[in-house]
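Chains as they are written, first to last, in our numbering: chain A, 1 to 229; chain B, 1001 to 1229. A short worksheet on the structure shown next.
Number of protein chains: 2
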Amino acid sequence: MNNHSEQRRSSADIATLIRQEIVKGNLSFHERLSPERKLAETYNVARGTIREALNRLEQDGLVKIQPGSGTYVIYQSHEASASAIEDANPLEMMDARFALEPHICRLAVLHGRRSEFDELEKLCARMEDKLHDPTAFAQADTEFHRGLAKCTHNGLLIWIIDQITSVRSQDEWRRMRHLTLEDGIITRYNHQHRQIFDAIRAREPEHAANLMKEHLETARLSLTRAAET
Amino acid sequence: MNNHSEQRRSSADIATLIRQEIVKGNLSFHERLSPERKLAETYNVARGTIREALNRLEQDGLVKIQPGSGTYVIYQSHEASASAIEDANPLEMMDARFALEPHICRLAVLHGRRSEFDELEKLCARMEDKLHDPTAFAQADTEFHRGLAKCTHNGLLIWIIDQITSVRSQDEWRRMRHLTLEDGIITRYNHQHRQIFDAIRAREPEHAANLMKEHLETARLSLTRAAET
DNA sequence: CTTTTTTGGTATATTATTGGTCTACAAGCA
DNA sequence: TGCTTGTAGACCAATAATATACCAAAAAAG
Chain A
1 MNNHSEQRRS
11 SADIATLIRQ
21 EIVKGNLSFH
31 ERLSPERKLA
41 ETYNVARGTI
51 REALNRLEQD
61 GLVKIQPGSG
71 TYVIYQSHEA
81 SASAIEDANP
91 LEMMDARFAL
101 EPHICRLAVL
111 HGRRSEFDEL
121 EKLCARMEDK
131 LHDPTAFAQA
141 DTEFHRGLAK
151 CTHNGLLIWI
161 IDQITSVRSQ
171 DEWRRMRHLT
181 LEDGIITRYN
191 HQHRQIFDAI
201 RAREPEHAAN
211 LMKEHLETAR
221 LSLTRAAET
Chain B
1001 MNNHSEQRRS
1011 SADIATLIRQ
1021 EIVKGNLSFH
1031 ERLSPERKLA
1041 ETYNVARGTI
1051 REALNRLEQD
1061 GLVKIQPGSG
1071 TYVIYQSHEA
1081 SASAIEDANP
1091 LEMMDARFAL
1101 EPHICRLAVL
1111 HGRRSEFDEL
1121 EKLCARMEDK
1131 LHDPTAFAQA
1141 DTEFHRGLAK
1151 CTHNGLLIWI
1161 IDQITSVRSQ
1171 DEWRRMRHLT
1181 LEDGIITRYN
1191 HQHRQIFDAI
1201 RAREPEHAAN
1211 LMKEHLETAR
1221 LSLTRAAET
């Protein structure tokens, strides 16, 4: 409304201005605001006024003031996180894998090359080796499933698997995986992986697809069980 | 708003800069970052600051620090790999649909609501109406298959279908579609769509899935036939 | 294989920056 | 007048960034 440059601005005005910067996304999550002295300069206002505004914003939960360090934005703008794939939940992902991976097994049988099968075998060995290291196992597991996709020689399918995997590697997940990946489960997964691999190398598409379904069913079960605890 | 040149950069700022490099794709999957000392030089900042930033990025799961070796990107940026979808060919897409859509039919039976089925029926009617307008038919067809995905209530699957569809709508495609979409084919598609829809409304998951496989087989055949001419 | 180089990990003293606090003063308003 | 609010400046304590040196593991060179 008013904006004659030489007007005195209240702390509430400043708070509004900075709040707008934040929700508009000019200042994004975890970003540090300019120091109070600098803000005072840019807004042409005394430092005390800035401080009052910032305290207000902190009470509103937009900002965290850390003495000696700075003032940081703690507010997730909706636009930033709404990337559709970002907030897929575990069960959605399992359904997507259920759709894709059995058929990927069939295609792997059809189009896979010996060298790629050798790769898969190495990955099986690595997973069996990492029985007591859930993190390393999970990584090898991801590569195994990606390796299956690579056997199809279908760039689109590989891309889709990669996208799904990128969901899999989100933060919330890592915690859940620690819950689910006990030694017993890993042993079982390894057995299933090996079976799937054998079926593919033996060029038995339907068998491989069915084994994959079993495998995914196992994974889904341990997921839901972990979710209940 | 901040950093008019002469502001001291905090580790948070550095973390933000490097994070941007990664998500923009300047630093891609499995790539090694410059050594810390070098980064300190290029960002004009002390090594400790770089280290703090990198530790942050590691906690965020963007990066893996390997002592004695280097720091590696472990994050696949969506934007960077988006090109993979640009140059997918028709047959790759058909295989992907073969993997996805039959299972989508099963899930549609499980989770679909009456209102969504009504939507599908309208789309069937619209397609039957557009027997002599290939462009309009193709559009309704796309919406029908997307509608099936919506019945699953699985945001991830819907997203994937949308991505695949965006491949479908490329230029080269439209030409091919004119070749393939004669009246006879459209009639046959309509019949199959109607069958699939009936099976879903009758809550017969396997039947619906099999009908979808037939449908896709038909589509693939007319594609390959068009490619030969 | 051994040696050298590179790389991240750690420690520390120093310096600079930043928010926190206090005081004195001026401007606007009831 | 008396109250509130913004201004200006000084100083403090907490924190972070710097600069430097040295270590251990990995990688590269010989």
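Don't be surprised by glycine CBs; every beta carbon is placed ideally from N, CA and C. Computed from a prediction, not measured in an experiment: that's the story for all the values here.
{"Query": "Say whether chain B places a C-beta atom closer than 8 angstroms to the C-beta of S81/A.", "Result": "Legend: pLDDT at S81/A = 47, less than 50; position of this residue unreliable, value from coordinates given subsequently. Answer no: the Cβ-Cβ gap between S81/A and chain B never drops below 8 angstroms."}
{"Query": "Whose C-alpha, out of A202/A, F29/A, N44/A and K24/A, is nearest the C-alpha of Q76/A?", "Result": "F29/A"}
{"Query": "Which residues, taken in chain order from the region 1127-1147 of chain B, show a beta carbon closer than 7 angstroms to some beta carbon of chain A?", "Result": "none"}
{"Query": "When you compare the CB of D162/A with every CB in chain B, is at least one pair closer than 8 angstroms?", "Result": "yes"}
{"Query": "Can you name the start and end residues of the alpha helix (DSSP H) that T49/A belongs to?", "Result": "R47 to Q59"}
{"Query": "Closest Cβ-Cβ distance between M212/A and chain B: below 8 angstroms?", "Result": "no"}
{"Query": "What whole-angstrom Cβ distance do I18/A and V109/A have, given they're in contact under 8 angstroms?", "Result": "No, I18/A and V109/A are not in contact; Cβ-Cβ is about 60 angstroms, not under 8 angstroms."}
{"Query": "Quick check on N44/A: buried or exposed, where buried means 16 or more other Cβ atoms within 10 Å of its Cβ?", "Result": "exposed"}
{"Query": "DSSP on I1014/B, reduced to helix/strand/coil?", "Result": "helix"}
{"Query": "Is there a Cβ of chain B sitting closer than 8 angstroms to that of N154/A, yes or no?", "Result": "yes"}
{"Query": "So the alpha helix (DSSP H) K1150/B belongs to, where does it begin and stop?", "Result": "P1134 to C1151"}
{"Query": "The beta strand (DSSP E) spanning G1070/B covers which residue range?", "Result": "G1070 to V1073"}
{"Query": "Leaving out the 5 sequence neighbours to the left and right, which residues in its chain are closer than 7 angstroms to I185/A when beta-carbon positions are compared?", "Result": "S222"}
{"Query": "If the cut is a Cβ gap below 7 angstroms, which residues of chain B does F98/A touch?", "Result": "H1103"}
{"Query": "Output, in chain order, the set of chain A residues within a Cβ distance shorter than 8 angstroms of I1085/B.", "Result": "L156 and W159"}
{"Query": "Taking just the CA atoms, how far does G1061/B sit from A1226/B?", "Result": "46 angstroms"}
{"Query": "Show which residues of chain A have a CB atom less than 8 angstroms away from the CB atom of E1092/B.", "Result": "N154, G155, L156 and L157"}
{"Query": "Taking only three categories from DSSP, how would you classify Q1066/B?", "Result": "strand"}
{"Query": "Determine, using beta carbons only, whether D95/A comes closer than 8 angstroms to chain B.", "Result": "yes"}
{"Query": "Okay, do the region 1115-1135 of chain B and the region 1156-1164 of chain B touch, 3+ Cβ pairs below 8 angstroms being the bar?", "Result": "no"}
{"Query": "So, with DSSP's three-state summary, where would you put R32/A?", "Result": "strand"}
{"Query": "The region 1011-1025 of chain B: which residues have C-beta closer than 7 angstroms to a C-beta of chain A, in chain order?", "Result": "A1012, D1013 and T1016"}
{"Query": "So that I know if they touch, is there some Cβ in chain B lying closer than 8 angstroms to that of H215/A?", "Result": "no"}
{"Query": "Quick one: list the residues of chain A neighbouring A1107/B, beta-carbon separation under 7 angstroms, in chain order.", "Result": "Note on identity: in this sequence residue 1107/B is Leu, with Ala being the wrong assignment. In chain order: D95."}
{"Query": "Compile a chain-ordered list of the residues in the region 37-52 of chain A whose CB is closer than 8 angstroms to at least one CB of chain B.", "Result": "K38 and T42"}
{"Query": "Name the chain B residues whose beta carbon is nearer than 9 angstroms to that of A125/A?", "Result": "By Cβ distance, chain B contributes nothing, its closest Cβ being about 21 angstroms from A125/A, past 9 angstroms."}
{"Query": "Could you confirm whether any beta carbon from chain A is found closer than 8 angstroms to the beta carbon of A1088/B?", "Result": "yes"}
{"Query": "If you follow the alpha helix (DSSP H) that K1122/B is part of, which residue opens it and which one closes it?", "Result": "R1114 to D1129"}
{"Query": "Using a beta-carbon distance below 8 angstroms, is Q1076/B in contact with chain A?", "Result": "yes"}
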